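Per numbering that gives the first Met the number 0, residue 0 is the first one in the sequence shown, and the count goes up by one each step.
Note that beta-carbon positions come from the ideal geometry of N, C-alpha and C, so glycine has one too.
What you are looking at is a predicted structure, and each value in this text was computed from that prediction instead of being measured.
Taking it in order: structure first as structure tokens, then the write-up.
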Amino acid sequence: MNTEYFVIDRDHPDPCILSRAADILRRGGVVAFPTETVYGLGANGLDARAVAAIYRAKGRPADNPLILHIAQIQDVEKLAREVPACARLLMDTYWPGPLTIILKRTKAVPDCTTAGLDTVAIRLPASRIARELIQLAGIPIAAPSANTSGRPSPTNAADVRADMDGRIDAIVDAGPCDIGVESTVIDCTAPVPTILRPGGITLEMLQAALGEVRWDRTQNTPENEAPRAPGMKYAHYAPSAPMTLIEGNREQRQKKIRVLAEAALAAGKRVGAVVSAETAFSLPAEVVSAVYGSQTDVKTIGNQLYTALRFFDNNPVDLIFAEGIEEKGLGRAIMNRMRKAAGHQIIRV
Ligand code: TXA
Ligand code: MG
């Protein structure tokens with residue numbers, strides 16, 4: 000398949016180009032497009048055949064449901080049969096934005112989009128390009144992250160191309176994504192609203208709006224066999240070499256990474272590191288470091304994490320050591336992704 004490539008200026012999007020991409024979506028094609036979190040792999044979320052093409056392109060397991068992306072809050076009515084007060088409040092407070100809300104679905108939503116669940120995930124993205132594209136298409140757009148299943152999510156069009164060129168109809172390139180980690184997924188069908196995946200809207204922000212919010216920490220553990228967000232059970236975000244995550248306070252984790260790296264180098268290994276700028280400076284020069292930013296700037300870390308994980312695709316190493324960060328605010332989402340990228344191979348110091 001020949002993948003069409005559209006380049007769009009994010010501040011002055013050319014409506015003709017967006018219409019061409021929207022046409023492909025309306026005809027049942029698959030189009031990768033930017034959102035404020037990561038690039039999505041979009042198709043008509045109400046068309047079972049179009050949705051099947053997403054699963055094929057990604058190699059995604061069929062029991063992992065998709066998020067429906069909409070262009071305005073009213074579009075929820077057709078997709079959800081109940082909208083509890085907490086969901087309404089979240090939509091008014093954090094939409095458009097990096098928040099996905101789980102609601103009871105209507106019959107308009109096909110089984111393959113929700114992997115047979117009685118619920119549907121809905122998100123109104125903040126990205127102007129994403130919203131204009133959905134608006135022009137005039138249909139809810141099912142879109143998982145635009146990576147091959149198991150790989151780090153793409154935060155720029157070159158990373159989408161690396162995974163999807165020749166597998167989908169088109170890629171809309173509007174430059175890098177702002178946030179860099181996926182949306183928060185919150186279940187509003189539970190008695191107490193429950194975070195299934197931490198993300199761009201933090202626990203603190205949700206608590207500020209709702210008061211009581213549960214964070215389903217079991218989603219982070221490999222022991223949990225039936226996580227409520229089905230996608231959370233699969234290996235995910237994996238870089239091209241085995242990765243070990245080192246967690247602990249700054250000084251201790253920096254020291255531990257140095258000791259581990261020196262030992263691996265002495266054993267003749269090519270060593271990679273996914274670390275802060277501060278820690279990169281403390282490592283031997285032979286270590287290939289992908290720096291995700293300064294320890295003091297969690298926003299940049301979120302923005303750069305997947306680029307750092309993908310860095311080793313073209314810079315092969317035998318093993319990778321990754322440095323954890325403090326688990327608060329956006330740091331929760333970042334640590335959730337790093338633990339998965341490490342396949343839960345974690346050293347706590
Ligand atoms: O930021 C994002 O959310 C990006 C952009 C493209 O919008 N999309 C994204 O989609 O991350 P995906 O498919 O990679 O992750 C969706 C997550 C999965 O863990 C999936 O299992 C969960 O949401 N999910 C989808 N529908 C669900 C449902 N009905 N109940 C529970 N979890 C659901
Ligand atoms: Mg994904």
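Which residue marks the beginning of the alpha helix (DSSP H) containing residue i, and which one marks its end?
i    : result
T193 : No alpha helix (DSSP H) holds T193; the beta strand (DSSP E) holding it covers 193-196.
I23  : 14-25
M337 : 330-340
T112 : 110-113
Tell whether a beta-carbon distance below 8 Å holds between residue i and residue j.
i    : j    : result
T154 : G179 : yes
I333 : L304 : yes
V191 : L202 : no
M0   : R166 : yes
T113 : P64  : yes
T36  : A208 : no
I200 : L78  : no
V258 : I319 : no
L135 : A21  : yes
A120 : I138 : no
T188 : T118 : yes
G96  : A125 : yes
R338 : P197 : no
I23  : D168 : yes
L379 : G323 : The first residue shown for the chain is 0 and the last is 348, placing residue 379 beyond what the model contains.
D317 : K255 : no
Q251 : S281 : no
R19  : F32  : no
V75  : I69  : yes
Cα separation between residue i and residue j?
i    : j    : result
E246 : V348 : 6 Å
P283 : C176 : 32 Å
L195 : S239 : 27 Å
A341 : I133 : 35 Å
K103 : V30  : 27 Å
L89  : L205 : 8 Å
G271 : P12  : 39 Å
Q73  : I128 : 19 Å
V287 : L45  : 45 Å
I349 : R80  : Limits of the chain in this structure are 0 at one end and 348 at the other, which puts residue 349 out of reach.
L308 : P241 : 11 Å
E131 : D172 : 14 Å
C111 : G27  : 15 Å
L336 : A276 : Reading off the sequence shown, one finds Arg at residue 336, where the question assumed Leu. Taking the straight line joining both Cα atoms gives about 19 Å.
N314 : V290 : 14 Å
D186 : A279 : 39 Å
T2   : C85  : 41 Å
T183 : T34  : 14 Å
F310 : V159 : 14 Å
D10  : I16  : 14 Å
E325 : R25  : 44 Å
D260 : P14  : A small fix is needed here, since residue 260 is Ala in this sequence, not Asp. Rounded to whole angstroms, A260 to P14 spans 51 Å at the Cα level.
Y161 : I170 : First, the residue type needs correcting, since residue 161 is Ala and not Tyr in the sequence shown. The straight-line gap from Cα to Cα measures roughly 11 Å.
A234 : A61  : 15 Å
For the beta strand (DSSP E) containing residue i, name the first residue and the last one.
i    : result
R122 : 118-122
T201 : Per DSSP, T201 belongs to no beta strand (DSSP E) and is neither H nor E.
T243 : 242-246
V6   : 3-6
R9   : That residue, R9, is in no beta strand (DSSP E); it is neither H nor E in DSSP.
R347 : 345-347
I319 : 318-322
Can you tell me whether residue i sits near the ligand ADP, meaning its C-beta is under 7 Å from at least one heavy atom of the ligand?
i   : result
T99 : With respect to the ligand ADP, the structure shown offers nothing to examine, as its ligands consist of the ligand TXA and the ligand MG.
Fully enclosed by the segment 129-185, which beta strand (DSSP E) runs are 3 residues long or longer?
Runs found: 169-172.
Could you tell me which uninterrupted alpha helix (DSSP H) segments, each at least 4 residues in length, are contained entirely in the segment 261-296, listed from first to last along the chain?
276-281
Looking at C-beta atoms only, is the number of pairs between the segment 35-42 and the segment 51-58 that lie closer than 8 Å three or more?
Yes, the segment 35-42 is in contact with the segment 51-58.
Give the list of continuous alpha helix (DSSP H) stretches no shorter than 4 residues that lie fully inside the segment 25-97.
Within the segment 25-97, the complete alpha helix (DSSP H) runs of at least 4 residues are 47-57, 75-78, 84-93.
Decide if the segment 295-302 is in contact with the segment 132-146; the criterion is three or more beta carbon pairs, one per stretch, under 8 Å apart.
Flag = no, the segment 295-302 and the segment 132-146 do not touch.
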